[in-house]
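Here our numbering is used: the first residue of the sequence shown is 96, the next is one more, and so on.
Yeah, the Cβ is synthetic: ideal placement off N, Cα and C, and Gly gets one too.
Presented below is the structure to which this report refers.
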Amino acid sequence: MNLRGAEAGFTLLELLVVLLLIVLVTGVFTTRIGGGFGVHLRNSGRTLAAELEYVGQRAVTTGRAQRFVIDLDQQVFRLEELPPEAPATEAELPEHAENLDLAPPLSEAVFAPVEGRIGEWRALDDADEVRFLEVRLGGAPSHEGAVGIGFSSDGASDPAEIWLRDDGGYELLIRVVAFTGEIRVEEVDAGGP
């Protein structure tokens, strides 16, 4: 009778081994099914989008134009603003005014770094895994040098696209909508811009 009872059940060790195997298999499949996009890429994209939204809000609340500058060579960014004593840039209307680019002409103004940490050059939080790939300002792509995205005090901004790439080759697109200053984050299939 004793022998039959031991054969009918499982030992605690056997149950633990089976549970461990279930946990391992579940962990492997959830990381593969989990969408491919890395946590670092998503986090960097959300953080950068929040920074851009802050810049737009700051431009409206301070009443001064702001510029979000990305240095693609050094993989860093910072916030600059139009100093209060700087003269406003006004351009004369050309003969063919109907063909005007309605984006604010913030690139012609002289900007200065904002005081404090946000005005210092900073890298992405996950800079070891994620990097700036490209910035398109008004449709013109930039892969090197510094690029500034302007935000005016009326809520408008320069039209821009910021491409991020992680070590796995996945890419994230952050769009800055010109007239509203809205920030959109889009996951992009591998292959890029």
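Could you say which of the options lies nearest to residue i if we only look at CA atoms?
i    : options                : result
P179 : L167, F206, F163       : F206
E148 : G276, E282, V283       : G276
A218 : D168, P236, E282       : D168
L177 : F227, G263, E210, R141 : E210
D249 : G158, V113, L115       : G158
L143 : P236, P208, V120, I244 : I244
E146 : T106, V171, G234, L107 : V171
H238 : D223, G214, W258, D221 : W258
G263 : V134, I269, R279       : V134
R141 : D220, F105, L108       : D220
Who are the Cβ neighbours of residue i in its own chain at under 6 Å, not counting the five residues just before and after it?
i    : result
L136 : V225, D261, Y265, L267
A241 : V164, D166
I213 : L174
V280 : G140, A144, I269
Kindly indicate which three-state DSSP category residue i falls into: helix, strand or coil?
i    : result
G300 : In the structure displayed, the chain extends from 96 to 288; residue 300 sits before or after that span and is not available.
G245 : strand
E281 : strand
V225 : strand
E266 : strand
D196 : Residue confidence for D196 is low, a pLDDT of 49 falling below 50, so the modelled location carries little weight and cannot support an answer.
D253 : coil
L219 : coil
V123 : helix
A205 : Per the sequence presented here, residue 205 reads as Val, with Ala not at that position. Three-state result, V205: coil.
V271 : strand
Give me, in chain order, the residues of the same chain whose beta-carbon lies closer than 7 Å to that of residue i; leave out the 5 immediate sequence neighbours on both sides.
i    : result
V150 : Q161, F163, L174, F246
S252 : G151, I244, G245, F246, V271, A273, G276
A198 : Its pLDDT being 49, under 50, A198 is placed unreliably by the model, and the measurement read from it follows with that caveat. Contacts found: G233, D253, P254, A273.
N138 : D220, D221
A154 : A160, Q161, F246, S247, S248
From what residue to what residue does the alpha helix (DSSP H) around residue i run?
i    : result
Q152 : 134-157
With respect to the beta strand (DSSP E) encompassing residue i, which residues constitute its N-terminal and C-terminal limits?
i    : result
S237 : 235-237
F172 : 171-176
D166 : 161-166
Within a Cβ cutoff of 8 Å, which residues of the same chain sit near residue i, ignoring the five residues on either side of it in sequence?
i    : result
E215 : R173, P208
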